[in-house]
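Going by UniProt numbering, the first residue of the sequence shown is number 1, and it counts up by one from there. Working notes, beginning with the structure itself.
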Amino acid sequence: HTRQNQNIHLTDPMVCLLHVLNMFPSHAIRLDLLPFYSRLVATLHPCMSDVAEDLCSMLRGDFRFHVRKKDQINIETKNKTVRFIGELAKFKMFSKTDTLHCLKVCKLSTTCGRFLFRSPESHLRTSVLLEQMMRKKQAQHLDARYVTMVENAYYYCNPPPMEKTVRKKRPPLQEYIRKLLYKDLSKVTTEKVLRQMRKLPWQDPDMKSYLICCMVNIWNVKYNSIHCVANLLAGLVAYQEDVGIHVVDGVLEDIRLGMEVNQPKFNQRRISSAKFLGELYNYRMVESAVIFRTLFSFISFGVSTDGTPSPLDPPEHLFRIRLVCTLLDTCGQYFDRGSSKRKLDCFLIYFQRYIWWKKSLEVWTKDHPFPIDIDYMISDMLELLRPKMHLCSSLEDACRHVTELEREVLVKLGNSPPLFYVHARVCGYCASHPSSVFLSSLLSSIPVCVCVVVQ
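Structure, rendered in structure tokens:
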């Protein structure tokens with residue numbers, strides 16, 4: 001066609017009518033296409049104004065027809081009509097006066113109500129209609145579903161005022177440190193970030209303490225990038241040795257603080273700290289003794305084995321099991337030889353006793369069983385670390401294995417004094433461990449710490 005023939009084709013009334021009929025079927029169409037139909041009508045309006053006029057006229061007549069019927073059938077068709085009117089109103093194809101006249105329908109409010117409420121020429125009338133809608137809701141006894149629809153429509157059009165979040169203002173150097181650690185650091189940018197870290201003014205004690213604080217607050221880092229922070233710290237220690245000591249000390253302190261406070265809002269923070277400690281071991285920032293002290297503290301600190309509930313480890317709380325699994329999933333695969341392997345084998349026996357002790361508590365019933373996701377997590381961890389390990393089948397079985405382990409320790413010591421002497425020299429950690437107390441009563445006058453026996 002020539003350009004003149006194209007113009008004649010676009011202005012042909014029959015073509016316009018066909019466009020309108022194709023966009024206005026008698027059946028309910030896909031609602032997600034209505035915004036695109038409205039955009040098409042607005043695009044064609046400069047050269048085919050009859051399309052918008054005819055379509056709006058048909059929608060207006062269809063809306064009046066459904067309002068007069070007042071039945072509860074053909075809901076999809078009614079929904080389509082109202083949504084189409086709302087989308088056309090946002091493109092200024094449907095007059096605002098007619099749209100406000102139809103605003104008594106909630107679905108129209110959720111489609112274009114905010115547009116009408118924010119437009120200066122229709123703001124006043126829209127606010128009046130919204131208030132009338134809320135007053136009718138209060139005056140009539142509506143079903144809960146309709147009350148929810150009315151409230152959703154009202155607050156969509158006129159959302160309640162919210163206080164603006166005040167962003168904390170920090171010095172440029174602190175913002176740069178946070179950007180390097182929390183945004184730029186990734187597996188491929190670790191070397192680049194390390195070079196930038198080395199250029200920082202390390203002679204400034206405030207800057208150094210802030211960097212240490214940012215590394216200790218590992219929960220601000222993406223979970224999958226925690227190993228990158230450990231890698232960065234391992235490279236940084238070669239130039240700033242005291243930074244590694246302070247970061248490790250801060251992580252251990254945060255783990256201990258999490259057990260003392262024991263609030264659910266800190267759970268993600270505690271998981272991140274446990275994973276970070278495991279990654280620090282992977283990059284040789286801590287010794288295996290630190291890992292095992294932390295593992296034993298998870299199953300012993302604040303644990304009340306006499307049946308009285310403990311606020312530090314309530315019966316229904318299983319988060320410490322998750323912490324143990326997280327730490328062992330991170331670094332447990334390296335405990336596969338030598339003394340570390342023996343330590344892990346001993347710990348897993350005590351860990352199974354802790355698990356079965358938790359399962360035996362009265363809070364778990366047939367109506368409220370032990371969480372199956374925790375069982376799966378334990379199974380996955382043991383399958384990864386000790387696939388051939390004998391698993392205990394009950395609390396009695398677990399206690400029997402613990403007793404056999406402690407008896408083997410006594411045999412290796414070659415000394416079996418009476419049980420009623422408690423004079424062994426015990427370190428602060430072993431003093432808080434229940435099995436260590438039992439061993440200390442057996443070790444009597446032996447001048448060694450109980451943790452040396454386990455090693």
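Every residue, glycine too, gets a C-beta built ideally from N, C-alpha and C.
Taking its Cβ as the centre, do 16 or more other Cβ atoms sit within 10 Å of residue i, making it buried, or is it exposed?
i	result
Thr148	exposed
His123	exposed
Met389	exposed
Gln352	buried
Tyr146	exposed
Glu175	exposed
Phe36	exposed
Asn262	buried
Lys179	exposed
Thr330	buried
Glu279	buried
residue 462	A question about residue 462 goes unanswered here, because the residues of the chain that appear run from 1 up to 455.
Asp313	buried
Val411	exposed
Phe65	exposed
Thr294	buried
Lys169	exposed
Lys343	buried
Leu384	exposed
Val150	buried
Lys265	exposed
Lys69	exposed
Spatial neighbours of residue i within its chain, please: CB distance less than 7 angstroms, with the 5 preceding and 5 following residues excluded, ordered by chain position.
i	result
Leu361	Pro315
Asp184	Val193
Val216	Val247, Gly250, Val251, Asp254
Tyr283	Ala230, Asn231, Ala234
Leu173	Met207
Gln268	Trp219
Ala139	none
Lys359	Phe370
Met381	Cys325, Leu328, Asp329
Lys187	Cys228
Cys56	Leu88, Met93, Phe94
Ends of the alpha helix (DSSP H) at residue i?
i	result
Met381	372 to 385
Trp139	What sits at residue 139 in the sequence shown is Ala, not Trp. First-last of the alpha helix (DSSP H) with Ala139: 123 to 139.
Cys214	205 to 216
Ile291	288 to 298
Gly258	241 to 261
Trp357	338 to 359
Leu323	319 to 331
Cys399	395 to 413
Ala153	144 to 157
Cys228	226 to 237
Asn282	267 to 282
Tyr182	Unbroken run through Tyr182: none, as it is neither H nor E.
Thr43	34 to 44
Thr190	190 to 198
residue 456	The question about residue 456 has no answer, for the chain in this structure spans 1 to 455.
Phe63	49 to 69
Under the assumption that residue i contacts residue j (Cβ atoms under 8 angstroms), give the Cβ distance between them as a whole number of angstroms.
i	j	result
Ala230	Met285	7 angstroms
Glu87	Leu34	5 angstroms
Ser126	Leu116	The question names Ser, but residue 126 in the sequence shown is Thr. Confirmed, Cβ separation roughly 4 angstroms.
Thr81	Leu59	6 angstroms
Arg83	Leu31	6 angstroms
Ser288	Ser209	Actually they are not in contact, since the Cβ atoms of Ser288 and Ser209 sit about 29 angstroms apart, beyond 8 angstroms.
Leu318	Ile374	5 angstroms
Leu181	Val221	7 angstroms
Leu323	Ile271	7 angstroms
Ser119	Lys137	The pair is not a contact, with the Cβ atoms about 24 angstroms apart (cut-off 8 angstroms).
Arg114	Tyr156	6 angstroms
Kindly list the residues whose CB is nearer than 8 angstroms to the CB of residue i, restricted to its own chain and excluding five residues on each side of it in sequence; keep chain order.
i	result
Ile378	Ile321, Cys325, Ile355
His45	Val51, Ala52, Met93
Ser38	Phe84, Glu87, Leu88, Lys90, Phe91, Met93
Leu236	Leu194, Met197, Arg198, Val243, Gly244
Gly258	Phe266, Arg269, Arg270, Ser273
Glu121	Lys96
Ordered along the chain, which non-local residues of its own chain (more than five positions away) have a Cβ less than 6 angstroms from that of residue i?
i	result
Val453	Only weak support is given to the placement of Val453: the predicted model assigns it a pLDDT of 41, under 50, and the value that follows is read from those uncertain coordinates. Excluding sequence neighbours, Val453 sits near Val409.
Ala89	Thr99, Cys112
Ala398	Gln352, Arg353, Trp356, Cys392
Phe335	Lys341, Leu344
Hey, would you say the C-beta of residue i is under 7 angstroms away from at least one heavy atom of the ligand MN?
i	result
Pro160	Of ligands this structure carries none, so the ligand MN is not represented either.
Practice task
Would you check if the region 160 to 175 and the region 185 to 192 touch, i.e. whether three or more CB-CB distances between them fall below 8 angstroms?
Solution key: Touching, no, given that fewer than three Cβ pairs across the two stretches are closer than 8 angstroms.
Exercise for the section: Would you check if there are 3 or more beta carbon pairs closer than 8 angstroms linking the region 271 to 278 to the region 213 to 228? Expected result: Contact holds: three or more Cβ-Cβ distances are below 8 angstroms.
Handout entry: the region 386 to 405 touching the region 334 to 353, judged by at least three CB pairs closer than 8 angstroms
Key = yes
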